[in-house]
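Below is one structure, written out as structure tokens; comments come after it.
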Amino acid sequence: MRGAWAGLFGQSSEQTAKAKQKATLLSDRNRIDAMVTQTRLVADSLRGVSSSRLREHGERLGKMGRGIKLFSGTHDRDQQLQYEKLMVLGIAGMTEAIRRNLSLELFDTQIFASLVVGQGAIAEMQTGEGKTLAVAAAVYFKSLHGRGVHVATPNDYLARRDQARLQSSFASLGAFTAVVDDKVSPQQRRDAYSADVTYAAGHTFGFDYLRDQVLMGDPNLSGLGRLTLARLAGDSPTKLMFQRGLCVAIVDEIDHVLIDDAVSPLLLSAAGSGSAVDEEVHREAFEWAGRLVRGVSFVITSSGNVELTEEGLHDVYHHCEMVMHDSLLRPWHEYVVLALRAKYCYQRDVDYIVCEDEVRIADASTGRIHADRSWSGGLHQAIQVREGLPVQPETRPIARITRQTFYRNYSFVGGMTGTVDGCEREFADVYGLPVVSLSPRVPSRRQLFPACVASSRREKVTAIVDETETLVRSGRAVLIGTLSIAASHELAEAIEARGLKCQLLNGVQDEDEAAIVARAGKSGAITVATNLAGRGTDIVVEDSVLAKGGLHVIACDHHLLARVDRQLVGRSARCGDPGSARFFVASDDCLVADHAPWVSRAIKRWDRDGRAGDLAIEESIARVQQKQQRQQSASRMQLMQSDQHDERLLERSSGTPRGCIQLGL
Numbered sequence: 001m002r003g004a005w006a007g008l009f010g011q012s013s014e015q016t017a018k019a020k021q022k023a024t025l026l027s028d029r030n031r032i033d034a035m036v037t038q039t040r041l042v043a044d045s046l047r048g049v050s051s052s053r054l055r056e057h058g059e060r061l062g063k064m065g066r067g068i069k070l071f072s073g074t075h076d077r078d079q080q081l082q083y084e085k086l087m088v089l090g091i092a093g094m095t096e097a098i099r100r101n102l103s104l105e106l107f108d109t110q111i112f113a114s115l116v117v118g119q120g121a122i123a124e125m126q127t128g129e130g131k132t133l134a135v136a137a138a139v140y141f142k143s144l145h146g147r148g149v150h151v152a153t154p155n156d157y158l159a160r161r162d163q164a165r166l167q168s169s170f171a172s173l174g175a176f177t178a179v180v181d182d183k184v185s186p187q188q189r190r191d192a193y194s195a196d197v198t199y200a201a202g203h204t205f206g207f208d209y210l211r212d213q214v215l216m217g218d219p220n221l222s223g224l225g226r227l228t229l230a231r232l233a234g235d236s237p238t239k240l241m242f243q244r245g246l247c248v249a250i251v252d253e254i255d256h257v258l259i260d261d262a263v264s265p266l267l268l269s270a271a272g273s274g275s276a277v278d279e280e281v282h283r284e285a286f287e288w289a290g291r292l293v294r295g296v297s298f299v300i301t302s303s304g305n306v307e308l309t310e311e312g313l314h315d316v317y318h319h320c321e322m323v324m325h326d327s328l329l330r331p332w333h334e335y336v337v338l339a340l341r342a343k344y345c346y347q348r349d350v351d352y353i354v355c356e357d358e359v360r361i362a363d364a365s366t367g368r369i370h371a372d373r374s375w376s377g378g379l380h381q382a383i384q385v386r387e388g389l390p391v392q393p394e395t396r397p398i399a400r401i402t403r404q405t406f407y408r409n410y411s412f413v414g415g416m417t418g419t420v421d422g423c424e425r426e427f428a429d430v431y432g433l434p435v436v437s438l439s440p441r442v443p444s445r446r447q448l449f450p451a452c453v454a455s456s457r458r459e460k461v462t463a464i465v466d467e468t469e470t471l472v473r474s475g476r477a478v479l480i481g482t483l484s485i486a487a488s489h490e491l492a493e494a495i496e497a498r499g500l501k502c503q504l505l506n507g508v509q510d511e512d513e514a515a516i517v518a519r520a521g522k523s524g525a526i527t528v529a530t531n532l533a534g535r536g537t538d539i540v541v542e543d544s545v546l547a548k549g550g551l552h553v554i555a556c557d558h559h560l561l562a563r564v565d566r567q568l569v570g571r572s573a574r575c576g577d578p579g580s581a582r583f584f585v586a587s588d589d590c591l592v593a594d595h596a597p598w599v600s601r602a603i604k605r606w607d608r609d610g611r612a613g614d615l616a617i618e619e620s621i622a623r624v625q626q627k628q629q630r631q632q633s634a635s636r637m638q639l640m641q642s643d644q645h646d647e648r649l650l651e652r653s654s655g656t657p658r659g660c661i662q663l664g665l
């Protein structure tokens, strides 16, 4: 896989060359250290100025920035020096603004990271090192170009949190910020994009871009021809658009936004109304799914696909009146396959939840619930039948674009993360982004205890509750990470059965997420969370808890990706504080049972009186995770290859490049 991305397309080799050019510039650590020193000196000189003078400083930088190129690495030495001067002055200004508004001093590592991001690269900072503030300093610098900065986060919660926390610091320098989420009106959305800095979830920027392209590309697809009506009224069509262009994107948790989320394209769809015309067909298909025998009538492949055998095909076509039904939108046997997938491959409170008589998708890597998303191709309707819900019409696809293509449309991209291992090549070849790893400001004091191996899930849950009870009774705080909503409820019930109190953070709780996180570091606190607690969540640990050893993180299961595991563990022992973590493994864990059955057998044979097998088990799990990372990378590569192929076909048919945007699918 190492050389696959670079050799896939000419554009990828171009991106690779761009990444190498940036990496060469950033390899001179002495140069960046010198800029850190300069930034610190300028920031110190601003400490004594009044608020109005600080704002004037920002206004002067804004005038300067409008005449400077968007990116560094230019061969023109004078332009490069101008760029670096503006970068130092801008980051210094934000350093002082943060000090005044948040009473926080940026450390040299944070300034260093800002300088890396400001030069179109990825800064890898360890969890707890202050990425949010470092991102903000780089964002302010890039806003000085006057063309708008999009700050992409993994989800709406982090976008709202970071914008609310930092807006006063930006305002001190005359820069205005806004946030876009699913709660804003269309006009509020347009206003937010006109701000100097716009915070939103990474996918939100992509969907709004697609909406604008649909609006400009085909008025018949844009909601009763709004574009045509605007022209007749003498209005500029651009007034109806949300965004003013794709200039600068700064991405927080960039591996999540550009790697993990990039396994599927952004698909803009129009919802139907009323009941599905093929509701009766879906319900009959689910009845048939209950009659078919696994291994005889159908098989489920290792990749999770359902395939009917010859016997199964014969049964569904020769013993059913639905074959020629007037409401069929696809061949009859495909409805049966969809029903089988809904029955065997998707689990409630794991892959989705049911809320207000709706099926809502749960994000596989974070556990967050997406009320505005649906599965395509009839799968969503098949799951509605499984849950006994009304069957809604399938959404009508309007436009699509891959995340890879979308983010490469920006003139400038930079970002940060704490977990980039194994993704360096893909970042370079696809996005033209080199990675610069920063050493932690202070050595980590985290204790990673040996994995606890159990013969069954029941035994593992008991061991988790035992360890939790021991720690909280000693005054520690415990965070338990699970892979699904169902698992979080299972753990919470086991803990409460022991007479202990715990709080749930799983995307469906009624209480505000921030309030739950605020209590998670208190003495005796037990928080059971899905992976949504793993990224960007800063748990403030009480001094009394730190004195007893800090926050303890329990990983109930291994995720398929090791990076997600490291994000969870990274909630403890932040900024040099004490803390600890432990993984728990059982023979019937999904990762072990589905992807490493030999490990499952080894656990069952394992001598419980010793720990000799622990290391081998953990090494086997690590190999499985590495394989999964390679497979997902291959999937993203195939998606991008398909996107490029479709683009070439569109260009041939229309004669005009569409930027890999497919309208009116």
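Once you know that position 196 of the sequence shown is 196 in full-length UniProt numbering, the rest is easy, because the numbers rise by one and skip nothing. Built from N, CA and C at the ideal position, the CB exists for glycine as well. In this text, all values refer to a predicted model and were calculated from it rather than measured experimentally.
Asked	Found
Taking DSSP as the reference, what is the three-state secondary structure of residue 682?	Outside the modelled stretch of the chain, which goes from 1 to 665, sits residue 682, for which no answer is possible.
Less than 7 Å between CB atoms is the rule here; does Ala-547 satisfy it with respect to chain C?	Going by chain labels, chain C is absent from the structure shown, which holds only one protein chain.
According to DSSP, is Ala-17 part of a helix, a strand, or is it coil?	helix
Would you mind reading off the limits of the alpha helix (DSSP H) that contains Ser-50?	Segment: none, Ser-50 is in no alpha helix (DSSP H) and carries neither H nor E.
So is Arg-368 buried or exposed if we call it buried at 16+ other beta carbons inside 10 Å?	buried
So, at 6 Å on beta carbons, what are the nonlocal neighbours of Thr-127 in its own chain, with the 5 sequence-adjacent residues on each side left out?	Gly-418 and Gly-570
Between which residues of its own chain and Val-442 is the CB-CB distance below 6 Å, once the five residues before and five after are set aside?	Gly-576
Let me know the secondary structure DSSP gives Cys-575 once reduced to three states.	helix
When the Cα atoms are used, what is the spatial distance from Val-461 to Leu-491?	7 Å
Among residues of its own chain, excluding the 5 on either side of Gln-628, which ones have a beta-carbon nearer than 6 Å to its beta-carbon?	Leu-560
Skipping 5 residues on each side, what residues in its chain have a beta carbon closer than 8 Å to that of Ala-586?	Val-453, Ala-454, Ser-455, Ser-456, Arg-457, Glu-459, Lys-460, Val-592 and Ile-603
According to DSSP, is Phe-298 helix, strand or coil?	strand
Give every residue of the same chain whose Cβ lies closer than 8 Å to the Cβ of Gly-610, excluding the five residues on either side of it in the sequence, and list them in chain order.	Per-residue confidence for Gly-610 stands at a pLDDT of 46, beneath the threshold of 50, marking its modelled position as unreliable; the derived number appears in the next sentence. Within the same chain, Gly-610 has no close Cβ partners at all.
Do His-150 and Ala-249 count as a contact pair if the criterion is CB distance below 7 Å?	yes
Run the CB neighbour count on Ser-297, radius 10 Å, all protein chains shown included, and call it buried at 16 or more, exposed below.	buried
Label Thr-366 either buried or exposed according to how many other C-beta atoms from any shown protein chain fall within 10 Å of its C-beta, with 16 as the threshold for buried.	buried
Excluding the 5 residues flanking Ala-581 on each side, which residues of the same chain have their C-beta closer than 6 Å to its C-beta?	Leu-448, Val-553, Val-569 and Ser-572
On the premise that Ala-428 lies in contact with Thr-16, defined as a C-beta separation below 8 Å, what is that separation, rounded to the nearest angstrom?	6 Å
Which of the three DSSP states, helix, strand or coil, is assigned to Leu-505?	strand
Kindly indicate the opening and closing residues of the beta strand (DSSP E) around Pro-397.	396-401
By a C-beta neighbour count over all protein chains shown, 10 Å radius and 16 as the cutoff for buried, is Gly-499 buried or exposed?	exposed
Using only the alpha-carbon positions, how far apart do Ser-544 and Ile-480 sit?	20 Å
Grouping DSSP H, G and I as helix and E and B as strand, with all else coil, what is Met-241?	coil
Cα separation between Asn-506 and Val-337?	31 Å
How is the beta strand (DSSP E) around His-150 delimited, first residue to last?	149-153
Residue range of the beta strand (DSSP E) that His-552 falls in?	551-555
Hey, out of Val-184, Gly-245, Val-435 and Cys-556, whose CA is closest to Ala-451's CA?	Cys-556
Could you spell out where the alpha helix (DSSP H) holding Met-87 opens and where it closes?	77-102
Ordered along the chain, which non-local residues of its own chain (more than five positions away) have a Cβ less than 6 Å from that of Gln-169?	In the sequence on display, residue 169 carries Ser and not Gln. Once the five neighbours on either side are set aside, the close Cβ partners of Ser-169 are Ala-97, Ile-98 and Asn-101.
Straight-line CA distance for Asp-208 to Ala-547?	48 Å
Can you name, in chain order, every residue of its own chain whose Cβ lies under 7 Å from the Cβ of Ala-270, other than the five neighbours on each side?	Thr-395, Arg-396 and Ile-398
Residue ranges of each beta strand (DSSP E) run of no fewer than 3 residues wholly in the stretch 326-356, ordered along the chain?	352-355
If we call anything under 7 Å between Cβ atoms a contact, is Asp-255 one with Val-436?	no
Using only the alpha-carbon positions, how far apart do Val-306 and Ala-289 sit?	11 Å
Taking the runs of the alpha helix (DSSP H) that are 4 residues or longer, which of them lie wholly in the stretch 443-484?	457-473
Taking the alpha-carbon of Val-281 as reference, which of Ile-259, His-318, Glu-253 and Ala-339 has the nearest alpha-carbon?	Ala-339
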